[in-house]
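Only one structure is covered here, and it is reproduced in the block below.
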Amino acid sequence: MSVLPAAPPAASAERLSPVGEVALLVRRMGAMCLVELQKLRHDRTELVTRTIQPALWLIVFGTTFSRIHAIPTGSTPYLDFLAPGILAQSALFIAIFYGIQVIWERDAGVLAKLLVTPTPRTALVTSKAFAAGIRALVQALVVVVIALLLGVGITLNPAKWVAAAAVVVLGSAFFCCLSITLAGVVLSRDRLMGIGQAITMPLFFASNALYPVEVMPTWLQWINHVNPLSYEVDALRGLLVGTPARLGLDAVVLVVAAVVMISVASALLPRLARG
Amino acid sequence: MTDTVHAVTDPVRTRGLRYAFGDHVAVDGLDLALHPGEVFGLLGPNGAGKTTTIRVITTLLPAPPGTVTVAGLDVARHRRQVRRLLGYVPQQLSADGSLTGRENVALFARLFDLPRRDRAGAVDGVLDAMGLTEAADRTASTYSGGMVRRLELAQALVSAPQVLVLDEPTVGLDPVARSGVWDRIHEVRRETGMTVLVTTHAMEEAELHCDRVALLHRGTKRAEGTPAELTAALGRVGGVPATLDDVFRHHTGDTLAQAAGEGSMRDVRTARRTARRVG
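The listed protein sequences correspond, in order, to chains A and B.
Numbering (my numbering) for the first sequence: 3 to 277.
Numbering (my numbering) for the second sequence: 4 to 282.
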């Protein structure tokens, strides 16, 4: 017979040092992100189909509203103003349905198998969150290419591109974990699909993705202030098209929101696995 | 003295394990002690407590402290260490169809922290052992049910576990695929000496493939021993040698088919999902 691993690896300590825990987290994130890239390599259908909607937003909505000057964006052309918003929207739409994938993994036994590996729940959720970020990044790249083809004045500064990538990953991590949290509450694919559809458009319209905050009614401005998507859009707009942005505040909000949501989703994962 | 020695050396041991979902007691006072290198079968109909027992042993459900040990480690206190010692194949066909066979196994090699220099060799080794080398670079969505099950065995074995836990490993498979899966399990056990804990409600499979079995019914253990011991103790039924099904009826008053009818909706849902996936 063929060669099987002869002996199990040495049992590790139940708790690692803080550095060891971080190293384990990074290894798990690497493993999960690699899996996402492998899936994308085998099946690019989703990449293509998910391109249609942002392309329509930019080509139809963006160019039309640029001509009629209905939305006041100061000296920034409307298409330039819109492109980072559509980029963030694409990432949101990918991440917000990740909970459905986790429920599928539970039903298919995949989640149980993952939970019987020496991977802390938090590391598993964080890995999923950043895997969603990787998938969203690939999609974001497609949106950026479309925007460039439409003549949007996106910066060519690589440092700003890296920072924008970090913003997309953080935003996706938050919305992915929001989705896993909802999955842990409702436990069923059908219910989560309904909730996902019910919250994505309100999240999008209650953000600064399509129009400046100043033109919103006061009540919508309040919702905008607690909507992480707005901070993601603000940062992307500042980094990619150079509009004034509160980058420090945006980064802090996105990091804190992602950490809080990873913690909540991790706490609900065992319930989801049992459900 | 003997008990103390076993508590340290038994690959899996449960002592008075009790687990309840609300008012429903799924497992009630279960004592088990697996011997190193054996294939141990947990038998019983849907709802007997087999899967709950497995989920506690594999840390998927919280174990009451002091009731379950794996290789001497208390599952309640050393969950992460226990997981390193286990290979687990769930009831459903759970390989990721959008990844190749090799990628499916490599993921688990990474999740078990196999060193980079050993990883490719270990992945190739288990794929070869499961007869999947030629199919390794095809996506698992193109595999038959039997191949998916063997792929899952490869995933579970890549970390060289001390205990391989299989929850209904042949459910939904045709006879040829079933026999292929069991052949691989026996080959692995012969080569590595690992202990195998398997649940099944197929008595004939248990009789053929398990060294020892425990019959569970309504959360309690009704009998334990080798299939030969259990059937010999009953002697002849209706003029022919007793089978494990007869043993089950003798200890529970039900036939397996009757008892199976008492399975919970959850079990039924799971079986249907599995059947759908197998096609």
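Every residue gets a Cβ at the ideal spot worked out from N, C-alpha and C, and that includes glycine.
In this text, all values refer to a predicted model and were calculated from it rather than measured experimentally.
- DSSP links ASP77/B through a beta bridge to THR72/B.
- Taking a beta-carbon distance threshold of 7 Å, THR51/A does not count as an interface residue toward chain B.
- Our two residues, ALA36/B and GLY175/B, have alpha carbons roughly 29 Å apart in a direct line.
- In the three-state scheme derived from DSSP, where H, G and I count as helix and E and B as strand, VAL147/A is classed as helix.
- With respect to the C-alpha of ILE201/A, the residue from GLY186/A, LEU26/A, ILE156/A, PHE177/A having the closest C-alpha is PHE177/A.
- Around TYR91/B, the beta-carbon contacts reaching into chain A at under 8 Å are ALA114, LYS115, VAL118.
- The beta carbons of LEU20/B and VAL30/B sit closer together than 7 Å.
- In this structure LEU218/B is not in contact with VAL15/B, their Cβ atoms being roughly 17 Å apart against a cut-off of 8 Å.
- Under DSSP, TYR22/B forms a beta bridge with VAL30/B.
- Note: THR202/B is bridge-paired with LEU45/B, ASP170/B in the DSSP secondary-structure output.
- Counting every other CB atom within 10 Å of its CB across the protein chains shown gives ILE54/A a total below 16, marking it as exposed.
- Put simply, the CB of GLN40/A is near chain B, with a gap under 7 Å to one of its CB atoms.
- In this model, SER97/B and PRO219/A are separated by some 49 Å (Cα to Cα).
- Using a CB distance cut-off of 7 Å, SER147/B does not count as an interface residue toward chain A.
- Look at the segment 50-129 of chain B and you find these whole runs of alpha helix (DSSP H), each 4 residues long or longer: 53-60, 82-88, 104-114.
- The alpha-carbon separation between SER265/A and LEU271/A amounts to approximately 10 Å.
- In this structure, VAL235/A sits near ALA90/A, with a CB-CB distance shorter than 7 Å.
- ASN49/B counts as buried, since no fewer than 16 other beta carbons sit within 10 angstroms of its beta carbon.
- In this structure, ILE57/B sits near VAL168/B, with a CB-CB distance shorter than 7 Å.
- Proximity of the segment 101-119 of chain A to the segment 59-76 of chain A falls short of the contact definition, fewer than three beta-carbon pairs being nearer than 8 Å.
- Among the CB atoms of chain B, one or more fall inside 7 Å of the CB of HIS44/A.
- Within chain B, the residues ARG113, LEU114 have their CB atoms less than 9 Å from the CB of ARG30/A, given in chain order.
- The beta-carbon of LEU110/B is placed less than 7 Å from the nearest beta-carbon of chain A.
- In summary, the residues of the segment 46-60 of chain B whose CB is separated from some CB of chain A by less than 9 Å are ARG58, in the order they occur in the chain.
- For the segment 118-151 of chain B, the residues whose beta carbon sits under 7 Å from a beta carbon of chain A are, in order, ALA125, GLY128, VAL129, ASP131, ALA132, THR142.
- Under the three-state reduction of DSSP output, PRO244/B falls in the strand class.
- Proximity of GLY22/A to chain B, defined by a Cβ-Cβ separation below 7 Å, is not satisfied.
- The Cβ atoms of THR70/B and ARG18/B sit closer than 7 Å to each other.
- DSSP places VAL15/B within a strand segment (E or B) once states are collapsed to three.
- For the segment 72-100 of chain B, the set of residues with a beta-carbon nearer than 7 Å to any beta-carbon of chain A comprises HIS81, ARG83, GLN84, ARG86, ARG87, LEU88, LEU89, TYR91, PRO93, GLN94, GLN95, SER97, ASP99, in chain order.
- Counting the other Cβ atoms within 10 Å of the Cβ of ASN159/A gives fewer than 16, which makes it exposed.
- Look at VAL243/A: its C-beta is not under 7 Å from any C-beta on chain B.
- Interface annotation, LEU63/B: in contact with chain A, CB-CB separation under 7 Å.
- Against chain B, a Cβ distance below 8 Å from ALA33/A picks out LEU110, ARG113, LEU114.
- In this structure ARG119/B is exposed. Its beta-carbon is surrounded by fewer than 16 other beta-carbon atoms within 10 angstroms.
- Annotation: THR202/A has no Cβ neighbours in chain B at a cutoff of 7 Å; minimum Cβ distance is about 24 Å.
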